[in-house]
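Participant: One structure, pasted below without further comment.
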Amino acid sequence: MSISRKFSQSAFLFAFGLLSVALGGCADSADRSQKSNIKTTSASKAQNVILFIGDGMGVSTVTAGRIFVGQEQGKLGEEHVLSFETFDNVALVKTYNTNAQVPDSAGTATAIMSGYKTNIGTVNVEPGKELQGCGDIPGKPTFAQIASDGGKSVGIISTARITHATPAAVFGYADSRDWEADKDIPEKVIDYGCQSLAAQLVDADTPVNLALGGGAKEFSDIQFGAWDEQGENHVVVKTGVEFSALAASDTQDVLGLFTPSHLSFEADRDPAVEPSLAEMTAFAIDNLSARDTDGYVLMVEAGRIDHAHHGANAYGALKDFQALDEAVAIAIKKTGDDTLILVTADHSHVFTIAGYPKRGNPILGLVSPSDYIAEKMDDDKRYMKAKDGKPYTTLGYHNGGGEVRTPDSPALTDNEVQAREYRQQVAVPMYSETHAGEDVPLYATGPGADAVRGVMEQNEVHSVMVKAMGLE
Ligand SMILES: [Zn+2]
Numbered sequence: 012m013s014i015s016r017k018f019s020q021s022a023f024l025f026a027f028g029l030l031s032v033a034l035g036g037c038a039d040s041a042d043r044s045q046k047s048n049i050k051t052t053s054a055s056k057a058q059n060v061i062l063f064i065g066d067g068m069g070v071s072t073v074t075a076g077r078i079f080v081g082q083e084q085g086k087l088g089e090e091h092v093l094s095f096e097t098f099d100n101v102a103l104v105k106t107y108n109t110n111a112q113v114p115d116s117a118g119t120a121t122a123i124m125s126g127y128k129t130n131i132g133t134v135n136v137e138p139g140k141e142l143q144g145c146g147d148i149p150g151k152p153t154f155a156q157i158a159s160d161g162g163k164s165v166g167i168i169s170t171a172r173i174t175h176a177t178p179a180a181v182f183g184y185a186d187s188r189d190w191e192a193d194k195d196i197p198e199k200v201i202d203y204g205c206q207s208l209a210a211q212l213v214d215a216d217t218p219v220n221l222a223l224g225g226g227a228k229e230f231s232d233i234q235f236g237a238w239d240e241q242g243e244n245h246v247v248v249k250t251g252v253e254f255s256a257l258a259a260s261d262t263q264d265v266l267g268l269f270t271p272s273h274l275s276f277e278a279d280r281d282p283a284v285e286p287s288l289a290e291m292t293a294f295a296i297d298n299l300s301a302r303d304t305d306g307y308v309l310m311v312e313a314g315r316i317d318h319a320h321h322g323a324n325a326y327g328a329l330k331d332f333q334a335l336d337e338a339v340a341i342a343i344k345k346t347g348d349d350t351l352i353l354v355t356a357d358h359s360h361v362f363t364i365a366g367y368p369k370r371g372n373p374i375l376g377l378v379s380p381s382d383y384i385a386e387k388m389d390d391d392k393r394y395m396k397a398k399d400g401k402p403y404t405t406l407g408y409h410n411g412g413g414e415v416r417t418p419d420s421p422a423l424t425d426n427e428v429q430a431r432e433y434r435q436q437v438a439v440p441m442y443s444e445t446h447a448g449e450d451v452p453l454y455a456t457g458p459g460a461d462a463v464r465g466v467m468e469q470n471e472v473h474s475v476m477v478k479a480m481g482l483e
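In my numbering, the protein residues as written are 12 to 483.
Put into structure tokens, the structure is as follows:
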């Protein structure tokens, strides 16, 4: 008899009531007294702001990522504390776009960077101001522009193409997020003077001093030349070797694009070819803080958490999440109490953690029961079984391109579901797994962090950063 038929919901609730009592005094619970990541600040203004965006990093990704990172360190996992989980201020952020209940990265990044919500697919263009953005700013200036005008240096890092929606919203304006390269600009709008996001990044007026990531194919040789020609301290690097030869203390304006399109998933990255997110973050902080400017702003995007989720590949998403956690840890280490650090997501994904796995169960694995449940099972006690009598995974997606489970689906094995390429099963078949519409978390520490609290509209993140720097 399967466990699902033997157990009522109330029996489960009772079971977990007992479990929580049993685990209450456990030696493996985390030591929350080590709040070393809180910046006890004497500074009233933030000299620097570092904004980390885990693209698609909803709460379920953070929880699964925490367990994944903890288990990689030999812990049970659930008790692990991530680099940013000791920050003193946390809020929930509402992510909808002006015309979309479930948003995309362009609309959400616009909210964060420019302080207003806009239409899905649009980069820093106010609803109704399409085509006005070409040649003039089609809305409010971006946070990076305000910071640059206020004497700050500006850096951007992304594991996606540097012209992709989230990094593009730091510096660019486009009616469509698709306008990454010149060839992507529709013929009918060229007459309006619309420029590609690549062209805007290398323009003499760009607020950006440092850009590291992927997406070299979006730039023409002329555009790479345009970056170089902005001054003697401007340099283009295209390989990991060239990048490692740079000294951050030289404070060069670096455009470093290491792959034609997105950087590799962290799970596949060759460290000799592509720098890690943490390495790029460390370089950027050293480079920007060595400058003779009045502080800096830095946006760091873990862009491929989102892409792995779209592929219904939890392994890939959690490895890229781990890379973000490591990058935040480096930033905490390298900065003082004059730096506001924010960690958030632009939107969530339809990613779930479910099915009563026992404490410490491998997060990517099949669901194994706790002892309390196992002793009531009369058949194979290794795995919990679904109604079809077969095992199931802890992690899953509501929709996407993974296998749709049917009564004829073969029984899953632990080897199979923990493999690099495995795509979790889905309920609704889609070509690509989708974003989700629930709120995302925002973690903050440093000067101005106390404005991060309660339930916030996403565009309020912009004013948190502007006010923290005293740039109102
Ligand atoms: Zn996405």
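Just so it is clear, CB atoms sit at the ideal spot from N, CA and C, and this is done for glycine as well.
1. Excluding the 5 residues flanking R188 on each side, which residues of the same chain have their C-beta closer than 6 angstroms to its C-beta?
2. Contact between the segment 304–311 and the segment 57–77 is defined here as three or more beta-carbon pairs at a separation below 8 angstroms; is this criterion met?
3. Could you name the residues of the same chain whose beta carbon sits closer than 6 angstroms to that of L34, not counting the 5 residues immediately before and after it, in chain order?
4. With H, G and I counted as helix, E and B as strand and the rest as coil, what does DSSP make of G242?
5. With DSSP as the reference, label D42 as helix, strand or coil.
6. In the segment 386–457, which residue ranges form an unbroken beta strand (DSSP E) of at least 3 residues, counting only runs that do not cross its ends?
7. Can the beta-carbon of I374 be found closer than 9 angstroms to that of F154?
8. Let's see if you can read the secondary structure: which residues bound the beta strand (DSSP E) around V265?
9. Grouping DSSP H, G and I as helix and E and B as strand, with all else coil, what is L34?
10. Is D272 buried or exposed, if buried means 16 or more other CB atoms sit within 10 Å of its CB?
11. Can you grab the Cα-Cα spacing for the pair G251 / A323, in whole Å?
12. Quick one: does the C-beta of G413 sit closer than 8 angstroms to a heavy atom of ligand 1?
13. Let me check you understand the geometry: is the CB of H473 closer than 8 angstroms to at least one non-hydrogen atom of ligand 1?
14. From A215 to K86, what distance separates their C-alpha atoms?
15. So, for A171: in the same chain, excluding its five sequence neighbours on each side, which residues have a beta-carbon less than 6 angstroms away from its beta-carbon?
16. Between L453 and D391, what straight-line distance do the alpha-carbon atoms span, to the nearest angstrom?
17. Spatial neighbours of V284 within its chain, please: C-beta separation below 6 angstroms, excluding the five flanking residues on both sides.
18. Check each residue's C-beta against every heavy atom of ligand 1 and list, in chain order, those closer than 6 angstroms.
19. Report buried or exposed for T424, applying the criterion of at least 16 other Cβ atoms within 10 angstroms of its Cβ.
20. Throw me the rounded Cβ distance for the D497 and T106 pair, which I believe falls under 8 angstroms.
21. Report, in whole angstroms, the separation of the C-beta atoms of T119 and H360, which I expect to be a contact under 8 angstroms.
Facilitator: On the basis of the supplied data:
1. A117, G132, V134, A176
2. yes
3. No answer about L34 holds up, because its pLDDT of 35 lies below 50 and its placement is not dependable.
4. coil
5. Because D42 carries a pLDDT of 40, less than 50, the predicted location of this residue cannot be relied on, and the following value inherits that uncertainty. Coil, per DSSP.
6. 406–411, 437–440, 451–456
7. no
8. 264–268
9. Caution is warranted here: a pLDDT of 35 is assigned to L34, below 50, making its placement in the model unreliable, and the coordinate value is therefore given only provisionally. Reduced to three states, the DSSP call for L34 is helix.
10. Going by the sequence as given, residue 272 is Ser instead of Asp. The residue in question, S272, is exposed, as its Cβ has fewer than 16 Cβ neighbours within 10 Å.
11. 29 angstroms
12. no
13. With a cutoff of 8 angstroms, H473 does not count as near ligand 1, since its C-beta is closer than that to no heavy atom of the ligand.
14. 50 angstroms
15. H273, G314
16. 42 angstroms
17. G251
18. G67, S116, D317, H321, H446
19. exposed
20. With the chain running from 12 to 483 in the structure shown, residue 497 is simply not present.
21. Rounded to whole angstroms, the Cβ separation of T119 and H360 is 13 angstroms, and the two are not in contact under 8 angstroms.
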